[in-house]
Amino acid sequence: MDILQLLVSGLANGCIYGLIALGFVLIYKATEAINFAQGDMMMLGAFITLGLTNTGYMDLPFWIAVPLAIALMGVFGYLLDLIVIRRMFGEAQIAVVILTIALGFVMRFAAGTIFGHEPQSLETPYAGQDLRFGGVVLGVDEAVVVIATVALTVVLFLFFNRTKLGVAMQASSQNQLAAYYMGIPVRRVQSLIWGLAGVTATIAGVLYASKGSIDPSAGLLGIKAFAAAVIGGMGSLPGALLGGIIVGVIEPFASRYVAAGYSQIAPYLLLFLVLVFRPHGILAQVHRKKV
């Protein structure tokens, strides 16, 4: 029964890691750049939601504040690419990486200045409620995390495979030059992908803040999510979710059966093993480029 309880607990955390990892993969597939500010976008989205709700400044109901925060972060991601990232066009990828790391510091500083550095919890209509299955206790907040992750996965799958914009995004990610010649506005599509990454980050932030507490340093969770994205396969959306779930599940088991301190290092040890034995990730999507 302990094993089942640990599995349930790890699954909820893993879904949050997977949602953040989705943002890494979306941007990498579109631009071959890595956004190390993705975790900080998650943190910022959570704080914006906190500021909009009755625990913040605007006293909006939870079910109105969440969609509004998602929309605001979607616009933020779009403008971030339009105004800042696009100016790095033609520069080395390492320059973009350094820029996103700097953006992460700026977001953490801004969040700390506006909302403070003390941990805060997002009050939800389902806070403190539990579901019991025999001896296994599942918090409603954890169930919401899993359900929301599955729903978002289905929506993204349908979006990328059944809509013109989704197909255009896939085409742009696979071959930008060919997509441009086919009439696809590649740069605008890339900005939309940054906006979509902001949306997924905010959903992850709301779910994270609703099941625990949030503070500016929570943005560093993006490092663990990046490990999850690499483990699952950096070019694979399903791989991002799988990697997140694996990381989320391995932590409580490492803490319970090895030692409490090993729960933090276990994901990176797994990352090391994956890089050694399967460098492209579990669900690798490797495309050879012709020179």
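Under our numbering, think of the first position of the sequence shown as 145, with each following residue one higher. For each residue, glycine too, the CB sits at the ideal point set by N, CA and C.
Can you give the Cα-Cα distance for phenylalanine 191 and glycine 260, rounded to whole angstroms? Position 47 of the sequence shown holds residue 191. Position 116 of the sequence shown holds residue 260. Our two residues, phenylalanine 191 and glycine 260, have alpha carbons roughly 10 Å apart in a direct line.
Beta-carbon proximity check, leucine 266 vs valine 350, cutoff 8 Å: Taking the first residue of the sequence shown as 1, we reach residue 266 at position 122. Taking the first residue of the sequence shown as 1, we reach residue 350 at position 206. Between leucine 266 and valine 350, the C-beta gap is smaller than 8 Å, which places the two residues in contact.
Any idea if glycine 234 is buried or exposed, counting beta-carbon neighbours within 10 angstroms, 16 or more meaning buried? Here residue 234 corresponds to residue number 90 of the sequence shown, with the count starting at 1. Its Cβ having fewer than 16 others within 10 Å, glycine 234 is exposed.
Going by CA-CA distance only, name the one from Pro382, Met187, Gly248 that's closest to threonine 293. As a first step, residue 293 must be located in the sequence shown, where it is residue number 149. Ranking Pro382, Met187, Gly248 by Cα distance to threonine 293 puts Pro382 first.
Check whether the segment 269-285 touches the segment 295-310, counting contact only when three or more Cβ pairs, one atom from each stretch, lie closer than 8 Å. The segment 269-285 is not in contact with the segment 295-310.
Which residue wins for smallest C-alpha separation from leucine 223, given the options Trp338, Ser354, Ser407? Within the sequence shown, residue 223 is the residue found at index 79, counting from 1. For leucine 223, the nearest C-alpha among the options comes from Trp338.
Are the CB atoms of alanine 371 and glycine 162 within a distance shorter than 8 Å? To locate residue 162, count along the sequence shown from 1; it is residue 18. To locate residue 371, count along the sequence shown from 1; it is residue 227. In this structure, the beta-carbon distance from glycine 162 to alanine 371 does not fall below 8 Å.
Could you check which residue in Ser361, Val152, Ile147, Leu415 has the C-alpha nearest to that of valine 289? Taking the sequence shown and counting its residues from 1, the one referred to as residue 289 is at position 145. In this structure, Val152 is the residue among Ser361, Val152, Ile147, Leu415 with its C-alpha nearest to the C-alpha of valine 289.
Counted within 10 angstroms of its Cβ, other Cβ atoms place valine 374 as buried (16 or more) or exposed: Here residue 374 is taken as the residue at index 230 of the sequence shown, counted from 1. That one is buried.
So, with DSSP's three-state summary, where would you put isoleucine 178? As a position in the sequence shown, residue 178 is number 34, starting the count at 1. Note: isoleucine 178 maps to coil in three-state DSSP.
Just checking my contact of methionine 217 with glycine 189 at CB under 8 Å: how many whole Å lie between their CB atoms? Position 73 of the sequence shown, counted from the first residue, corresponds to residue 217. Position 45 of the sequence shown, counted from the first residue, corresponds to residue 189. Right, their Cβ atoms sit about 5 Å apart.
Would you identify the three-state DSSP class for leucine 204, choosing helix, strand or coil? The residue labelled residue 204 in the question sits at position 60 within the sequence shown. Correct three-state label for leucine 204: strand.
Looking at chain D, is there any beta carbon in it that lies within less than 8 Å of the beta carbon of isoleucine 375? Of the protein chains in the structure, only one exists, and it is not chain D.
Check whether the segment 249-259 and the segment 350-369 are in contact - that is, three or more C-beta pairs closer than 8 Å. Short answer: they touch.
Near the ligand NAD: alanine 165 beta-carbon under 7 Å from a heavy atom: Looking at this structure, you won't find the ligand NAD or any other ligand, since it has none at all.
So what does DSSP say about glycine 377, is it helix, strand or coil? As a working note, residue 377 is residue 233 in the sequence shown. In the structure shown, glycine 377 sits in coil (DSSP, three-state: anything other than H, G, I, E or B).
If you run the structure through DSSP and keep just helix, strand and coil, what is glycine 260? The sequence position of residue 260 within the sequence shown is 116, counting from 1. Coil at glycine 260, not helix or strand.
When the distance is taken between beta carbons, is glutamine 149 closer than 8 Å to glycine 167? Here residue 167 refers to the residue found at position 23 when the sequence shown is read from its first residue. Here residue 149 refers to the residue found at position 5 when the sequence shown is read from its first residue. No, Cβ-Cβ distance for glycine 167 and glutamine 149 is not below 8 Å.
Taking the alpha-carbon of isoleucine 291 as reference, which of Asn157, Leu427, Ile147 has the nearest alpha-carbon? Position 147 of the sequence shown, counted from the first residue, corresponds to residue 291. Checked all of Asn157, Leu427, Ile147; the closest Cα to isoleucine 291 is Asn157.
Measuring only the C-alpha atoms, how far is phenylalanine 206 from cysteine 159? Position 62 of the sequence shown, counted from the first residue, corresponds to residue 206. Position 15 of the sequence shown, counted from the first residue, corresponds to residue 159. Their Cα atoms are separated by approximately 21 Å.
Should asparagine 305 be labelled buried (16 or more other beta-carbon atoms within 10 Å of its own) or exposed? The residue you call residue 305 lines up with position 161 of the sequence shown. Exposed: under 16 other Cβ atoms inside 10 Å.
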